[in-house]
Each structure stands twice: as structure tokens, then as C-alpha cells.
Amino acid sequence: MRTVTYVIAQPCVDVKAQACVEVCPVKCIYQGDRCLYIHPDECLDCGTCEPVCPTEAIYLDLELPEEWFDYLKYNPAFSLPSAPSVTSIS
Ligand code: SF4
Ligand code: SF4
């Protein structure tokens, strides 16, 4: 698994407005139980989703606030085939 680049973090929790999903050219943003996740192997690292998020939940990994570092693990973990509640919303 390669390094995550764009990551969805805590401000997305229980919001799920999905503006990011509408602009993602490859539909690599998936819905979890309480927030959305970016599939690290499908993401093109284009950055299109970052400015459209109303809660500023999307970050380049190098710019992610330290308090949300756990989301560096959550996004790729949720993309594993074994993850039980991943649902494509494309
Ligand atoms: S636009 Fe932002 S808050 Fe809305 S679903 Fe995407 S990451 Fe979450
Ligand atoms: S960076 Fe581009 S490809 Fe990756 S999730 Fe955002 S819009 Fe989709």
C-alpha cells in the first residue's frame, strides 16, 4: 500500500455533505458509518476535493493537524477489502 496523500479527517464526522464526492474525477471517496474516506490507491492526488469541503475536513497528509493523525490510518484501513461497512457512493 502506498503512502496516503489526501485524507479526510474529523470535521467530516456526522456531516457527510458529500460535496467532495461530486467533484472527485475517479469516485474514490467512500462512505463509512460516520464519515467518508479516500481510497489511497485510487486517489489521483489531484486536490480537487480539498477546496469544496465546507468543513475543511480534507488535508494533504503533510498538512494534517497533529490531533487528527489517526485519520492517516483510518482512510487506508477503510479501503481494505475486508472492511465491513465500506459502501461505494459513486
Ligand atoms: S465535503 Fe467534506 S464534510 Fe462533506 S463529505 Fe466530503 S469530506 Fe466530509
Ligand atoms: S484528491 Fe482528487 S482523486 Fe483524490 S479524492 Fe480528492 S478529488 Fe478524488
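Letter by letter, the sequence shown follows residues 1496 to 1585 in this note's numbering. Note that the Cβ used here is the ideal one computed from N, Cα and C, for glycine as well. Please read these numbers as outputs of a predicted model, since none were measured by experiment.
Sixteen is the threshold: since fewer than 16 other Cβ atoms of the shown chains lie within 10 Å of the Cβ of ALA1572, the residue is exposed. If you ignore the 5 residues before and after GLU1545, its C-beta comes within less than 8 Å of the C-beta of TYR1501, ILE1553, TYR1554 and LEU1555, all in its own chain and listed in chain order.
Distances between the C-beta of TYR1532 and the heavy atoms of ligand 2 are all 7 Å or more. Shortest Cα-Cα distance from CYS1523 to any of CYS1538, GLU1558 and GLY1542 involves CYS1538.
DSSP, read as helix, strand or coil, puts LEU1555 in strand.
In the DSSP assignment, VAL1516 falls within the alpha helix (DSSP H) that extends over 1514-1518.
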